[in-house]
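Here the structure is laid out as structure tokens; the discussion comes afterwards.
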Amino acid sequence: MSSKQTQRLKNYKSMVSLYYETITGPYLQFWGEHFHEAFFDNPHDDFDKALLKTHQLFLADSKLHSDDVCIDIGCGIGSFSRFVAANIGCKVLGVNISDYQLKKARKLTKDKKVDNVLFKNVDIMQLDKKVKRKFDGAFFIDVGCHLPDKKKALKNIYQVLNKGSRVVMTDWLQRNSLNSFEKELLIEPFNHYWNYPYMESFEGYKKHFKKIGFKIIKAQDVTELTKKNWDMFYDISLREINNMTLKKMISSIKNPSILMQGKKPLQIAKNQFYANIFSKLCCDAGVFRYGYFVLEK
Ligand SMILES: C[S@@+](CC[C@H](N)C(=O)[O-])C[C@H]1O[C@@H](n2cnc3c(N)ncnc32)[C@H](O)[C@@H]1O
4 MSSKQTQRLK
14 NYKSMVSLYY
24 ETITGPYLQF
34 WGEHFHEAFF
44 DNPHDDFDKA
54 LLKTHQLFLA
64 DSKLHSDDVC
74 IDIGCGIGSF
84 SRFVAANIGC
94 KVLGVNISDY
104 QLKKARKLTK
114 DKKVDNVLFK
124 NVDIMQLDKK
134 VKRKFDGAFF
144 IDVGCHLPDK
154 KKALKNIYQV
164 LNKGSRVVMT
174 DWLQRNSLNS
184 FEKELLIEPF
194 NHYWNYPYME
204 SFEGYKKHFK
214 KIGFKIIKAQ
224 DVTELTKKNW
234 DMFYDISLRE
244 INNMTLKKMI
254 SSIKNPSILM
264 QGKKPLQIAK
274 NQFYANIFSK
284 LCCDAGVFRY
294 GYFVLEK
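Using my numbering, read the sequence shown as starting at 4 and increasing by one per residue.
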């Protein structure tokens, strides 16, 4: 393990908080309110249509009903939590480690007058200790990549589910086996720029699911269906770099207090350019994969 990776594992909490305090503004400006990928089952769909179809798939696979209570684990600014509440009618608890995003989530939920969604600051690595009730379903969308111990996180999720409840999950993955050059020249910078401690592999996740006791309903490598997202980020990055100024970058961060914390936040914002370049590069090189999983307790 590289010394940089050891640091990322140790500092996962502060790393995630600072990353999202910095990057939530640019994400909203350049990506949208959902911070995950769309599945393009039809290559002619635009991003919004593909994203809506992806969300409909997540809801159908969750098997949730209106009298259920579910948890959206690593909920961003609560956009998918609100989508679930509005479309299923069930109660939703969104948990996140970023106070900055939680504040935004609560404000948006109040402004949009959605009343069956609540939010709580919970570190997933402590989920079983901090959340005292059990849920009828869980969404775990593009979050595992940030966590220092994926198996422990999944065990915690298992603990807070009722028997028969499902987890609908997506995650960023590394290919099952990598040579030392792929690790050093592709995956290590990828993880550094995206602020990930490490990525799990498809087979690695399947082993964890089985060990913990989850029944695997779906385990799909959906890299081909999601490739268009990385192309899109790449194109946006190349377009923006030509027009970017320091003033524009600072205004996209939309969080003046974070800019008082020294040079790090600005570097995180700049690194997002490389993050986007590396997504396409690592996807084209076949070392970065994207997984869709539906699990049942
Ligand atoms: C890529 S975003 C996905 C957000 C949301 N699921 C969505 O799809 O829009 C990852 C989210 O996971 C949260 N997160 C990362 N590590 C966490 C942890 N240890 N505990 C709780 N939330 C965490 C981040 O703050 C962020 O909101």
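Glycine included, every Cβ here is placed at the ideal spot set by N, Cα and C. Please read these numbers as outputs of a predicted model, since none were measured by experiment.
For the alpha helix (DSSP H) holding residue i, just list the boundary residues, first then last.
| i | result |
| --- | --- |
| tryptophan 197 | 191-197 |
| leucine 2 | Examination of residue 2 is not possible in this model, given that the chain is present from 4 through 300 alone. |
| glycine 28 | 15-33 |
| glycine 97 | That residue, glycine 97, is in no alpha helix (DSSP H); its beta strand (DSSP E) goes 94-99. |
| isoleucine 91 | 82-91 |
| aspartate 114 | 102-114 |
| histidine 58 | 50-65 |
| isoleucine 271 | 267-287 |
| lysine 132 | 130-133 |
| aspartate 251 | In the sequence as displayed, the identity of residue 251 is lysine instead of aspartate. It spans 249-256 - the alpha helix (DSSP H) in which lysine 251 sits, taken as one unbroken run. |
When you compare the CB positions of residue i and residue j, do they come within less than 8 Å of one another, or not?
| i | j | result |
| --- | --- | --- |
| phenylalanine 33 | isoleucine 239 | yes |
| leucine 298 | arginine 169 | yes |
| tyrosine 103 | threonine 27 | yes |
| isoleucine 160 | alanine 141 | yes |
| lysine 221 | phenylalanine 296 | yes |
| proline 369 | tyrosine 15 | Residue 369 lies beyond the range of the chain shown here (4 to 300); nothing can be said about it. |
| glycine 167 | lysine 300 | yes |
| alanine 272 | threonine 25 | yes |
| phenylalanine 122 | asparagine 90 | no |
| glutamate 36 | serine 82 | yes |
| cysteine 78 | serine 69 | no |
| serine 301 | phenylalanine 291 | Limits of the chain in this structure are 4 at one end and 300 at the other, which puts residue 301 out of reach. |
| isoleucine 256 | proline 46 | no |
| leucine 189 | alanine 288 | yes |
| glycine 294 | phenylalanine 212 | no |
| proline 268 | leucine 21 | yes |
| phenylalanine 137 | asparagine 119 | According to the sequence displayed, residue 137 carries lysine and not phenylalanine. No; because the gap between Cβ atoms is not below 8 Å, this pair is not in contact. |
| aspartate 365 | valine 225 | No information on residue 365 is available, as it lies outside the stretch 4 to 300 that the chain covers here. |
| phenylalanine 193 | cysteine 285 | yes |
| lysine 7 | histidine 195 | yes |
| leucine 202 | phenylalanine 50 | In the sequence as displayed, the identity of residue 202 is methionine instead of leucine. Contact: no. |
| phenylalanine 42 | leucine 228 | yes |
| leucine 80 | leucine 54 | Checking the sequence shown, residue 80 turns out to be isoleucine, not leucine. Result no, Cβ atoms of isoleucine 80 and leucine 54 do not sit closer than 8 Å. |
| lysine 266 | isoleucine 215 | no |
| aspartate 114 | cysteine 93 | no |
State the beta-bridge partners of residue i as determined by DSSP.
| i | result |
| --- | --- |
| arginine 1 | What is shown of the chain runs 4 to 300, which leaves residue 1 out entirely. |
| glutamine 223 | Tyr295 |
| phenylalanine 138 | Leu164 |
| lysine 218 | Glu299 |
| glutamate 203 | Leu176 |
| valine 117 | Answer is none; valine 117 lacks a bridge partner. |
| phenylalanine 143 | Met172 |
If we ignore side chains and look at the alpha-carbon of each, how far apart do residue i and residue j end up?
| i | j | result |
| --- | --- | --- |
| aspartate 139 | aspartate 75 | 11 Å |
| asparagine 274 | asparagine 198 | 10 Å |
| glutamine 223 | methionine 263 | 43 Å |
| phenylalanine 86 | aspartate 174 | 20 Å |
| leucine 249 | valine 125 | 34 Å |
| tyrosine 208 | alanine 156 | 11 Å |
| lysine 135 | valine 163 | 8 Å |
| glutamate 187 | lysine 56 | 36 Å |
| lysine 133 | cysteine 73 | 16 Å |
| asparagine 245 | isoleucine 280 | 15 Å |
| glutamate 191 | serine 180 | 14 Å |
| tryptophan 233 | serine 101 | 25 Å |
| valine 19 | aspartate 145 | 13 Å |
| arginine 109 | methionine 252 | 26 Å |
| leucine 105 | leucine 96 | 12 Å |
| aspartate 44 | leucine 62 | 16 Å |
| aspartate 48 | glutamate 243 | 24 Å |
| lysine 210 | leucine 67 | 26 Å |
| leucine 241 | leucine 130 | 39 Å |
| glutamine 270 | valine 117 | 36 Å |
Residue i lies in the beta strand (DSSP E); which residues open and close that run?
| i | result |
| --- | --- |
| lysine 123 | 120-124 |
| cysteine 73 | 72-76 |
Please determine whether the Cβ atom of residue i lies at a distance below 7 Å from any heavy atom of ligand 2.
| i | result |
| --- | --- |
| histidine 58 | The model depicted lacks ligand 2 and carries ligand 1 instead. |
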